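So this is what it looks like as structure tokens:
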């Protein structure tokens, strides 16, 4: 992940100290995994402070074994933890959970961001209620980075919003662009709108209208237009914008295909003696390939569009993956993701308000009505 | 592709002769590719007759070089060909095109099915207008077979319908089940409804309602419930049902990821001398893997829900791929796909009519409204 600074963001200089709130109780690996991850993060980001929320007795037992983590952590006790399978509505009612208090700390500006490997649905619900949606944004989205044939791509929404209108899609474009600037360090990320064809008349009305608005916006020069599913890994654009249903299905479909390909490739080396010899010959290259595709390297989905940096680590991750999620939070705080987004939003606002859905009657292909 | 017969279908016995109408002018490879494909098909299916539509002068020039193809083909001259980039609306106005006449031949029952590698949009439009939608089906869908870690999967809709309601999804399940029976030869294919989570409350109302209807239908015992993107390649179900937008994006995303993985694998073998030696050692196993994933093996998307078998070959395919598309048409005709679907539809009908959209108010997670 690049740390090159984005020119227009009011950024926190690298030497300046800032605080991240970390949910010590989230994730399948529990406090031990979180603290082992913070040990790695402490090495990479000596300038950060961690406010670690959770059961102080358990955290206090583990921390002495991770002295670097201990050196950047302050523990604050919380009574409860949100179970991984708890319904969001129940998590909202649960007082004094480590996840809830982490959000409260960010909303009081005691910390600039929060990282948790806990229950995603609970995290989104708590973030909406406590950290709150940024003015000018109707709904936060879930964004993450994936590998492509050219470099990394930012994709959103990955499931925070099952149904979206054109306004949501335009906002996702604004948030995705700011995210690619902060976390990938690109000066002018290009944006594609996921559709079933690249032609202007493809897709439904909300897609065509979102494209019209973007073509007529301050983001026009970075807006590539419609892209298709295979453009994601082709690296056609730096940002891929889609609704949360399609984004979630595309992400998981891609993960599934990659697992199938890896398993086939393993069979090539395991199916014969010659294969095992070949494996020894290409082991270093295979290792590089595996590292490059390592899902832990891409850990750290972000809920964008909130009044603070909110990073969700995969629940099943290990310390290396958790440290990558902390990297994302550090990049976003350091490169002023939220400020950069606010300034972009104020320039977009007049435009979006001017347009209404009534305007959106675009010529529809006759065939769809046959 | 399995040819084992489906028990309930009124099938055409293997020795019985039937006719397929083939568009001789469609596809990037043109008549030469089509006829070379028919040469392969003639070997595999000695019992079929081909009515080949197109420019008789051009077809007559090529056919003598493919004697096996010539032995099963009757050429019928048509004046025009639908260009690959023609709008569907324009293709509908084009009289005497090879694609249009192929559809007319099927609608007059001169042939039992049609195969074309031409323009997809034009093909769907002409099929709807000329072959017409089957009684009991509101909209035809595009289905195809893909490889999974366990076997093959039937997926639909792949783009014929950008927006769908619950009724369309239920119909897709019926059509996909009949397709898996005919073409994969499965006695009782399982069905999954693509969603962003497996829990019953996930997704939007049309998905939850379609699931309710299927759980309460003659297909109940084969209905697995909701599945996620990574279930497609995991082979969790034999049939994956989704709307045409999501299906198209998922299919193309998967293709893109597979291309990226293949290119990474190639680099492993090309990046060093040791790699080139290793390649020689595992060449047979790599060859088998490549054959198994060969997109030509999965060529032949089908427009299901029409009064005839309509198979769309990929436009960029070669003779081997075109022959695979002919295989699909032969399987569907031979195993009585359309009859099997009609009998299933009559058993579903009373059920679907009984239910109305007004019924569909399912409890919605509070979080989505926050």
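Protein chains in written order, with this note's numbering: chain A, 1 to 370; chain B, 1 to 370. Where a beta carbon is used, it is the ideal one built from N, C-alpha and C, also for glycine. Keep in mind that this is a model prediction, so the values were computed, not measured.
8 Å or more divides the Cβ of residue 103 of chain A from the Cβ of residue 217 of chain A.
For residue 287 of chain A, there is no enclosing beta strand (DSSP E); the residue is part of the alpha helix (DSSP H) that begins and ends at 273-293. Scanning chain A for C-beta atoms nearer than 8 Å to the C-beta of residue 271 of chain B yields 285, reported in chain order.
By the CB criterion at 8 Å, residue 213 of chain B and residue 203 of chain B fall outside the cutoff. A residue is called buried once 16 or more other Cβ atoms fall within 10 Å of its Cβ, and residue 45 of chain B is buried on that count. Counting the other Cβ atoms within 10 Å of the Cβ of residue 166 of chain B gives 16 or more, which makes it buried.
DSSP, read as helix, strand or coil, puts residue 209 of chain B in helix. Following the DSSP letters along the chain, one finds residue 220 of chain A in no alpha helix (DSSP H), marked with neither H nor E. About 6 Å separates the CB atoms of residue 322 of chain A and residue 33 of chain A; that is less than 8 Å, so the two are in contact. DSSP places residue 263 of chain A within a helical segment (H, G or I) once states are collapsed to three.
Remark: three or more beta-carbon pairs, one from each stretch, lie closer than 8 Å, so the region 231-248 of chain B and the region 182-195 of chain B are flagged as touching. Between residue 293 of chain B and residue 147 of chain B, the C-beta gap is smaller than 8 Å, which places the two residues in contact.
The beta carbons of residue 306 of chain B and residue 178 of chain B sit about 13 Å from each other, so the pair does not count as a contact at 8 Å. Listed as beta-bridge partners of residue 74 of chain B by DSSP are B:51. Using a CB distance cut-off of 8 Å, residue 310 of chain B does not count as an interface residue toward chain A. Contacts between residue 232 of chain B and chain A, judged by CB atoms closer than 7 Å, involve 253, 256 in chain order. For residue 342 of chain B, the secondary structure class from DSSP, reduced to helix, strand or coil, is helix. Excluding residues up to 5 positions away in sequence, 26, 27, 28, 84, 117, 118, 119, 120 lie with their Cβ nearer than 8 Å to the Cβ of residue 315 of chain A in the same chain.
Bridge pairing for residue 19 of chain B: B:49 [DSSP]. Secondary structure at residue 97 of chain B: strand, using DSSP grouped into helix, strand and coil.
Under DSSP, residue 194 of chain B forms a beta bridge with B:227. With contacts defined as CB atoms closer than 8 Å, residue 156 of chain B and residue 143 of chain B qualify as a contacting pair. Annotation: residue 165 of chain B has no Cβ neighbours in chain A at a cutoff of 9 Å; minimum Cβ distance is about 13 Å.
Proximity to residue 78 of chain B across B:87, B:94, B:346 peaks at B:94, based on C-alpha coordinates. Contact check for residue 278 of chain A and residue 333 of chain B: beta-carbon distance about 45 Å, past the 8 Å limit, so the pair fails to qualify. Excluding five sequence positions before and after residue 176 of chain B, the CB atoms of its chain that fall closer than 7 Å to its own CB belong to 143, 154, 156, 191, 239, 241, given in chain order.
The beta carbon of residue 55 of chain A sits closer than 6 Å to no other beta carbon from its chain once the five residues preceding and following it are set aside. The contact set of residue 204 of chain A on chain B, defined by CB atoms closer than 8 Å, consists of 162, 163, 245 in chain order. Within the region 88-116 of chain B, the residues whose Cβ lies closer than 7 Å to some Cβ of chain A are 88, 89, listed in chain order. Straight across, the Cα-Cα distance linking residue 101 of chain B with residue 308 of chain B is about 14 Å.
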